[in-house]
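Residue numbers (the numbering used here), protein chains in the order written: chain A, 20 to 362; chain B, 20 to 362. For glycine and all other residues, C-beta sits at the position ideal for the given N, C-alpha and C. If you're wondering where the values come from, they're calculated on a predicted model, not measured in any experiment. Before any comments, here is the structure.
Below you can see the structure in the form of structure tokens.
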């Protein structure tokens with residue numbers, strides 16, 4: 020029996036996340052029949068190797084999406100009009116920007132957490148309906164993956180999150196800047212910062228993306244608002260400090276939870292260990308705890324340091340880390356498409 | 020009028036903190052009459068330059084402390100017996116290890132926060148009584164410096180802290196390891212970890228010092244217990260996750276506070292800005308926020324990102340960073356001696 024395949028498009032194909040989507044479509048053996056790639060005019064005309072053939076990159080601004088079944092967009096919020104255009108042309112569009120994440124008419128989904136929010140697009144036994152799905156913010160995906168088992172069993176009363184975010188979250192230019200600053204330090208030159216307002220090499224920046232008018236950052240606001248949507252808790256009490264660290268890839272988060280009922284660390288570990296897409300790495304006796312270098316290239320979100328919070332009888336502290344280019348972006352987008360194909 | 024001077028000893032003089040104590044005794048113009056240096060047998064006999072002369076390092080194990088007025092110990096908990104011996108020989112000993120920090124009979128002091136806890140050693144118009152003073156843990160000093168103004172005006176109901184701790188906190192060997200791993204990565208070699216259980220270059224480790232039997236780390240426990248003593252709040256509700264980051268010097272902390280009454284960010288900023296030894300660096304409009312590179316070599320603890328906590332009507336989030344070799348260790352020790360000399 021021949022497997023049914025689909026026409027797939029990747030917009031923003033030459034960026035960090037776009038490249039990862041291409042790699043993971045192959046690794047996960049997504050049923051790609053034909054593949055089209057789009058990017059900005061600057062990259063149009065380039066040839067990109069995928070499996071055994073070369074694909075010419077098209078200009079996103081003028082690309083015609085008729086005939087495309089699945090379009091993975093990782094082209095930034097500024098290209099949201101093209102994502103809409105693709106959906107109107109008949110594609111099921113999974114958009115990695117923040118453009119649609121607060122639109123209540125568009126599902127925001129982590130398949131392991133809120134797959135039912137895709138129900139409006141599902142067509143049993145066939146490809147999903149045309150339309151938009153928003154792929155959440157990277158830090159948010161990792162956070163909800165780790166806490167969803169606890170929310171499910173004991174409900175979160177309040178959460179405090181501090182992030183340790185990798186440079187790859189800011190794209191290839193930022194990775195170049197980190198490497199260049201390392202070289203500048205080694206050779207005794209002054210460190211030049213362009214992508215970030217201050218040097219990131221040998222430093223940490225309590226600032227991710229941009230400030231909003233109330234002194235939080237857009238990243239912090241996304242973590243709060245998108246977690247509320249993903250967990251189905253519009254009133255969820257959550258606060259975050261988002262910090263950039265000189266790590267190339269994989270975000271980490273220190274999470275404090277107050278639950279609605281007391282939960283022992285042993286019980287919490289068992290729930291986390293049983294959750295799909297999450298791996299428990301937590302054994303103080305053997306110094307087992309997860310670090311971003313361990314999560315780099317992994318599909319699973321790694322969770323450890325689960326322990327009693329000495330400040331609250333219903334409190335738990337934990338630590339998580341996950342490859343934000345994979346589960347935090349490309350992988351989650353493909354998992355959304357896979358979930359939709361399950362019908 | 021000639022200024023009265025004192026006989027000063029520095030034990031652990033060849034370590035990261037010992038060297039900083041020597042530099043700061045000079046920079047702060049501490050009234051040093053004579054200076055003696057002690058270290059392990061391995062370093063005994065070495066000559067160390069201080070101001071315009073060389074001082075021969077003595078073996079701490081056999082050094083006689085009679086005649087010493089102030090002894091600054093930065094020799095680790097294993098040398099606590101020698102700190103006791105120095106106090107019994109008549110010295111006022113300021114010990115930087117954790118050996119005495121939980122002993123209620125020995126003051127644990129940050130002069131800007133709880134100077135009154137030194138009262139038992141004060142002798143107006145003369146040098147203080149012989150005895151021991153414990154210099155707190157580095158992360159703890161920085162934390163209480165930033166939150167003491169808020170505790171004073173509005174009392175802390177609960178605090179959640181996540182740290183971003185520099186490698187210098189683990190001494191010169193760890194700094195060498197960080198540099199060596201950077202070189203190994205640059206030349207395509209595997210990264211070798213010895214001081215830490217995993218590579219610290221391009222990584223973050225949710226593990227500082229050692230695990231206790233309940234899955235917290237000794238560093239996390241110190242932050243909780245020592246903050247309670249320093250703030251005079253034995254019941255203070257506080258939890259911490261302590262994390263090592265690839266920064267050479269200066270620790271940072273993301274702090275969430277729930278206060279006993281609502282406080283606006285503007286009011287909190289005014290109290291912090293008015294506190295001694297703390298500098299407010301907080302203006303989203305000009306992207307002003309403090310980073311560890313800004314704090315490196317500074318006496319003040321830098322505080323920024325003061326903002327409303329969206330999860331609690333009495334909550335505040337803030338960020339701090341401070342040079343943990345200076346205010347987090349050497350500087351605080353010398354400030355204790357200076358405070359005692361004020362009588």
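Work out the CA separation of residue j and residue i for me, nearest whole Å.
| i | j | result |
| --- | --- | --- |
| residue 257 of chain A | residue 331 of chain A | 16 Å |
| residue 328 of chain A | residue 242 of chain A | 22 Å |
| residue 171 of chain B | residue 259 of chain B | 21 Å |
| residue 301 of chain A | residue 312 of chain A | 16 Å |
| residue 236 of chain A | residue 324 of chain B | 10 Å |
| residue 366 of chain A | residue 338 of chain A | In the structure displayed, chain A extends from 20 to 362; residue 366 of chain A sits before or after that span and is not available. |
| residue 53 of chain A | residue 102 of chain A | 19 Å |
| residue 211 of chain A | residue 189 of chain A | 17 Å |
| residue 96 of chain B | residue 118 of chain B | 5 Å |
| residue 231 of chain B | residue 341 of chain B | 26 Å |
| residue 47 of chain A | residue 245 of chain A | 27 Å |
| residue 207 of chain B | residue 264 of chain B | 22 Å |
| residue 278 of chain B | residue 253 of chain B | 16 Å |
| residue 326 of chain B | residue 271 of chain A | 22 Å |
| residue 363 of chain A | residue 113 of chain A | Since the first residue shown for chain A is 20 and the last is 362, residue 363 of chain A is missing from the structure and cannot be characterised. |
| residue 50 of chain B | residue 82 of chain B | 22 Å |
| residue 307 of chain B | residue 58 of chain B | 42 Å |
| residue 107 of chain A | residue 274 of chain A | 40 Å |
| residue 321 of chain A | residue 156 of chain B | 30 Å |
| residue 61 of chain B | residue 23 of chain B | 34 Å |
| residue 124 of chain A | residue 94 of chain A | 21 Å |
When you compare the CB positions of residue i and residue j, do they come within less than 9 Å of one another, or not?
| i | j | result |
| --- | --- | --- |
| residue 160 of chain A | residue 276 of chain A | no |
| residue 183 of chain A | residue 266 of chain A | yes |
| residue 85 of chain A | residue 109 of chain A | yes |
| residue 147 of chain A | residue 360 of chain A | yes |
| residue 90 of chain A | residue 105 of chain A | yes |
| residue 64 of chain A | residue 111 of chain A | no |
| residue 362 of chain B | residue 284 of chain A | no |
| residue 115 of chain A | residue 31 of chain A | yes |
| residue 28 of chain B | residue 67 of chain B | no |
| residue 238 of chain B | residue 187 of chain B | no |
| residue 11 of chain B | residue 346 of chain B | Because chain B spans 20 through 362 in this model, residue 11 of chain B falls outside it and cannot be assessed. |
| residue 333 of chain A | residue 282 of chain A | yes |
| residue 44 of chain B | residue 77 of chain B | no |
| residue 268 of chain B | residue 214 of chain B | no |
May I ask you to report which of helix, strand or coil DSSP gives residue i?
| i | result |
| --- | --- |
| residue 72 of chain B | strand |
| residue 33 of chain B | coil |
| residue 28 of chain A | strand |
| residue 351 of chain A | helix |
| residue 256 of chain B | coil |
| residue 40 of chain A | helix |
| residue 314 of chain A | helix |
| residue 270 of chain A | strand |
| residue 341 of chain A | strand |
| residue 66 of chain B | strand |
| residue 240 of chain A | helix |
| residue 286 of chain A | helix |
| residue 151 of chain B | strand |
| residue 162 of chain B | helix |
| residue 19 of chain A | Any question about residue 19 of chain A goes unanswered here, given that chain A covers just 20 to 362. |
| residue 212 of chain B | coil |
Report yes or no: is there a C-beta of chain E within less than 9 Å of the C-beta of residue i?
| i | result |
| --- | --- |
| residue 158 of chain B | Any reference to chain E falls outside this structure, whose protein chains are A and B. |
Discussion item. Closer than 7 Å between beta carbons: that is the criterion. Which residues of the segment 241 to 271 of chain A meet it against chain B?
Written reply: 243, 256, 257, 258, 260, 262, 264, 265, 266, 267, 271
Worksheet item: Does the pairing of the segment 164 to 182 of chain A with the segment 34 to 44 of chain B give three or more beta-carbon distances under 8 Å?
Response: With fewer than three CB-CB distances shorter than 8 Å, the segment 164 to 182 of chain A does not count as touching the segment 34 to 44 of chain B.
Discussion item. Closer than 9 Å between beta carbons: that is the criterion. Which residues of the segment 323 to 344 of chain B meet it against chain A?
Written reply: Listed by position, the residues of the segment 323 to 344 of chain B near chain A (Cβ gap below 9 Å) are 323, 324, 325, 326, 327, 328, 329, 330, 331, 334, 336, 337, 338, 340.
Worksheet item: Below 8 Å, can you find three or more Cβ-Cβ pairs linking the segment 193 to 200 of chain A to the segment 340 to 356 of chain A?
Response: no
Worksheet item: Does the segment 131 to 140 of chain A come close enough to the segment 235 to 252 of chain A to have 3 or more Cβ pairs within less than 8 Å?
Response: yes
Fill in: Three or more C-beta pairs below 8 Å linking the segment 139 to 153 of chain B and the segment 213 to 227 of chain B
no
Worksheet item: Which residues, in chain order, does the segment 208 to 220 of chain B contribute to contact with chain A at a C-beta distance below 8 Å?
Response: 216, 217, 218
Worksheet item: Taking three-plus beta-carbon pairs below 8 Å as touching, is the segment 292 to 300 of chain A in contact with the segment 199 to 214 of chain A?
Response: no
Item to complete: For the segment 181 to 210 of chain A, enumerate the residues whose C-beta is nearer than 7 Å to any C-beta of chain B, in chain order.
Response: 181, 183, 201
Worksheet item: Mind listing which residues of the segment 227 to 242 of chain A have their C-beta closer than 7 Å to chain B's C-betas, in chain order?
Response: 230, 233, 234, 235
Discussion item. If the cut-off is 7 Å on Cβ atoms, which residues from the segment 297 to 313 of chain A count as contacting chain B, listed in chain order?
Written reply: 303, 306, 308, 310, 311, 312
Worksheet entry | Residues of the segment 33 to 50 of chain A whose Cβ lies closer than 7 Å to any Cβ of chain B, in chain order | none
Worksheet entry | Members of the segment 131 to 144 of chain A that neighbour chain B once the beta carbon cut-off is set at 8 Å | none
Discussion item. By the 7 Å beta-carbon criterion, what residues does the segment 150 to 175 of chain A contribute toward chain B?
Written reply: none
Practice prompt. Anything in the segment 270 to 285 of chain A with a Cβ closer than 7 Å to a Cβ of chain B? List those residues in chain order, please.
Written response: 271, 273, 275, 284
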